[in-house]
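Letter by letter, the sequence shown follows residues 1 to 407 of the UniProt record's numbering.
We put the beta carbon where it would ideally sit given N, CA and C, even for glycine.
Below: one structure, written as structure tokens.
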Amino acid sequence: MAITKTQRNAIVAIIGVGVLAGAALLFSGRGPGDDHDHGEHAAEPSSNESGKEDKATASANDAHAADRIAMTPEQIRSAGLELHTAGPGRVQAAVQFPGEIRFNEDRTAHVVPRVVGVAESVPAVLGQRVKKGELLAVLASTQLSDQRSELLAAQKRLELARTTYTREKRLWEDKISAEQDFLAARTALQEAEIAVRNATQKLTAIGARPASAGLNKFELRAPFDGIVVEKHLALGEAVAADTTVFTISDLATVWAEFVIAPKDLSQVRLGEKVSIASTAFDGTATGTVSYVGSLLGQQTRTATARVTLSNPDMAWRPGLFVTVSVAGQETEVPVVVESEAVQTESSQPMVYVEVPGGFEARPVATGRSDGKRIEIVKGLEPGARYVARNSFVLKAEQGKAGAEHAH
Numbered sequence: 001m002a003i004t005k006t007q008r009n010a011i012v013a014i015i016g017v018g019v020l021a022g023a024a025l026l027f028s029g030r031g032p033g034d035d036h037d038h039g040e041h042a043a044e045p046s047s048n049e050s051g052k053e054d055k056a057t058a059s060a061n062d063a064h065a066a067d068r069i070a071m072t073p074e075q076i077r078s079a080g081l082e083l084h085t086a087g088p089g090r091v092q093a094a095v096q097f098p099g100e101i102r103f104n105e106d107r108t109a110h111v112v113p114r115v116v117g118v119a120e121s122v123p124a125v126l127g128q129r130v131k132k133g134e135l136l137a138v139l140a141s142t143q144l145s146d147q148r149s150e151l152l153a154a155q156k157r158l159e160l161a162r163t164t165y166t167r168e169k170r171l172w173e174d175k176i177s178a179e180q181d182f183l184a185a186r187t188a189l190q191e192a193e194i195a196v197r198n199a200t201q202k203l204t205a206i207g208a209r210p211a212s213a214g215l216n217k218f219e220l221r222a223p224f225d226g227i228v229v230e231k232h233l234a235l236g237e238a239v240a241a242d243t244t245v246f247t248i249s250d251l252a253t254v255w256a257e258f259v260i261a262p263k264d265l266s267q268v269r270l271g272e273k274v275s276i277a278s279t280a281f282d283g284t285a286t287g288t289v290s291y292v293g294s295l296l297g298q299q300t301r302t303a304t305a306r307v308t309l310s311n312p313d314m315a316w317r318p319g320l321f322v323t324v325s326v327a328g329q330e331t332e333v334p335v336v337v338e339s340e341a342v343q344t345e346s347s348q349p350m351v352y353v354e355v356p357g358g359f360e361a362r363p364v365a366t367g368r369s370d371g372k373r374i375e376i377v378k379g380l381e382p383g384a385r386y387v388a389r390n391s392f393v394l395k396a397e398q399g400k401a402g403a404e405h406a407h
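Written out as structure tokens, the structure is:
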């Protein structure tokens, strides 16, 4: 069936109207929805920023609260807190040097037998406290036997020479014998006396007694009061004359040796008072510098200094690492506090300052110290009231408060 021109125009018009109507519906369906979605997304960042600000404010308030410790006057008195006022003062800054406790070499003996021999008995044991002259060991020595035999022979010859001299002297005085015989007898007596003295001194030089139960018995004895700190001898062991078989040290005094860099040599002088502190325990001691090396080490380029310490309780044992503090010149500083006032939290020094209703932990930067007072270079103004005694109580309270807040 053929389509007329009028029908074709009508169909085109209907299709055009349908396309326009569909486009209008599509546009009207998405426009409002898009605007609403954009509005919601725009509101979300504002909500997040507000939450972050609230959290930051809360965190700052919590940190500020954690630094404050509320305490009543009764609690302050009960805790024994003592308050001072920060202000200017003089600090005698100390220069510190690493050191080590060593044997007092003037009171340490490396005992050698001085004769070749074999150990027959060794009564001394490691760590034993011995007195001067106390028996350490007994050695059997053929060398000693020969020397004692020489002494005995010399003594016999001396007896004979003395008898001959007495007889010849009487005969010469009675005009019976010639003077030459008398002079020869006198010379023989003098030579015999010299031989006896020589044999005796040989035994004395090696520490052996002239008389003994056995000619070959050598008794090794302690040279002075001390402690057996080393032992290198056992029963039946053969030793040479120069073998160190015992080391005895009198630990009533010890040396604290430390090294000094060239720039600090002017700070350390003979006879100067120093303080010794242990890195292993809380013990401290005072002493005087007894030696400062005149030469620098070729490898280290440092000088060695020494302090002689009294050690009656044997607290300072050789090998212990120590810190030697040498006092310097006194210096006037703007703000100084008691050393006990400074506490450390996570490597940050703090001072507890008085505020209304309690105390506040104030971070500070410290400067010079003489062990009793510390310079404050930052964080504390002159006139501030701070806890000078028992500040550790506040640190403990602050730690408990922080733990409770974390939960």
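**OP:** List the endpoints of the continuous alpha helix (DSSP H) containing residue 205.
**Re:** Unbroken alpha helix (DSSP H) run through residue 205: 179-205.
Original post:
Using DSSP with H/G/I as helix, E/B as strand and the rest coil, what is residue 255?
Top reply: strand
**OP:** Measure the alpha-carbon distance for residue 75 versus residue 395 and round it to whole angstroms.
**Re:** 15 Å
**OP:** Take the Cβ of residue 108 as the centre, count every other Cβ of all protein chains shown within 10 Å, and call the residue buried at 16 or more, exposed below.
**Re:** buried
**OP:** Alpha carbon to alpha carbon, how far is residue 265 from residue 204? Give it in angstroms, no decimals.
**Re:** 46 Å
Original post:
Looking at the unbroken alpha helix (DSSP H) that takes in residue 310, where does it start and where does it end?
Top reply: First-last for residue 310: 303-310, but that is the beta strand (DSSP E), not the alpha helix (DSSP H).
**OP:** For residue 246, count neighbouring Cβ atoms within 10 angstroms of its own Cβ and tell me buried if that reaches 16, exposed if not.
**Re:** Buried is the label assigned to residue 246, since at least 16 other Cβ atoms lie within 10 Å of its Cβ.
Original post:
Would a C-beta distance cut-off of 8 Å place residue 285 and residue 316 closer than the cut-off?
Top reply: For residue 285 and residue 316, yes; Cβs fall inside 8 Å.
Subject >> Per-residue DSSP class, three states only, for residue 393 >> reply: If DSSP states are grouped into helix, strand and coil, residue 393 belongs with the helices.
Subject >> N- and C-terminal bounds of the alpha helix (DSSP H) containing residue 143 >> reply: 142-173
**OP:** Evaluate contact between the region 93-101 and the region 304-324, counting only Cβ atoms and requiring at least three cross-stretch pairs below 8 Å.
**Re:** yes
Subject >> Residues near residue 388 in its chain [Cβ-Cβ closer than 6 Å; skip 5 each side] >> reply: 82, 84, 338, 341
Original post:
Under a three-way DSSP split, which group does residue 265 fall into?
Top reply: Three-state result, residue 265: helix.
Original post:
Going along the chain, which unbroken runs of the alpha helix (DSSP H) with 4 or more residues stay wholly within the region 205-251?
Top reply: none
Original post:
Roughly how many angstroms separate the alpha carbons of residue 295 and residue 87, rounded to a whole number?
Top reply: 44 Å
**OP:** Could you name the residues that DSSP lists as bridge partners for residue 349?
**Re:** When DSSP reads this structure, residue 349 sits in a beta bridge with 344.
Original post:
If you follow the beta strand (DSSP E) that residue 101 is part of, which residue opens it and which one closes it?
Top reply: 87-103
Subject >> For residue 77, the first and last residue of its enclosing alpha helix (DSSP H) >> reply: 73-79
Original post:
For residue 135, which residues from the same chain have a beta carbon less than 7 Å from its beta carbon, with the 5 sequence-adjacent residues on both sides left out?
Top reply: 123, 219, 221
Subject >> Closest by C-alpha distance to residue 194, when choosing among 156, 178, 216 >> reply: 156
Original post:
Do the region 153-167 and the region 175-194 make contact, defined as three or more Cβ pairs closer than 8 Å?
Top reply: yes
Original post:
Which term fits residue 216, buried or exposed, when burial requires 16 or more other beta carbons within 10 angstroms of its beta carbon?
Top reply: Answer is buried; the Cβ neighbour count reaches 16.
Subject >> Proximity below 8 Å, CB of residue 141 to CB of residue 125 >> reply: no
Subject >> Supposed close pair residue 397, residue 69 - CB separation, criterion 8 Å >> reply: 5 Å
Original post:
How long is the line joining the alpha carbons of residue 372 and residue 288, rounded to whole angstroms?
Top reply: C-alpha separation (whole angstroms): 20 Å.
Subject >> For residue 339, the three-state DSSP class (helix, strand or coil) >> reply: Residue 339 falls in the helix class under three-state DSSP.
Subject >> Chain-order list of residues whose beta-carbon lies under 7 Å from that of residue 258 (same chain, five-residue window excluded) >> reply: Hits under 7 Å: 97, 98, 99, 305, 324.
**OP:** Would you mind sorting residue 408 into buried or exposed? The rule is 16 or more other CB atoms within 10 Å of its CB.
**Re:** The structure shown does not extend to residue 408, since the chain is modelled only from 1 through 407, so no value can be given for it.
Subject >> Three-state class that DSSP yields for residue 297 in the structure shown >> reply: coil
Original post:
Which partner residues of residue 321 appear in the DSSP bridge assignment?
Top reply: 100
Subject >> Spatially closest choice to residue 164 from 148, 149, 181, by CA coordinates >> reply: 181
Original post:
For residue 208, which residues from the same chain have a beta carbon less than 8 Å from its beta carbon, with the 5 sequence-adjacent residues on both sides left out?
Top reply: 115, 144, 147, 148, 218, 219
Original post:
Where does residue 291 land, buried or exposed, given buried means 16+ other C-beta within 10 angstroms?
Top reply: Exposed is the call here.
Subject >> Length of the line joining the Cα atoms of residue 369 and residue 92 >> reply: Here the C-alpha atom of residue 369 lies approximately 7 Å from the C-alpha atom of residue 92.
**OP:** Compute the beta-carbon to beta-carbon distance between residue 248 and residue 268, rounded to the nearest angstrom, for a pair I have assumed lies under 8 Å.
**Re:** Contact flag wrong, Cβ pair sits at about 31 Å.
Original post:
Quick one: what does DSSP say residue 399 is sitting in, helix, strand or coil?
Top reply: helix
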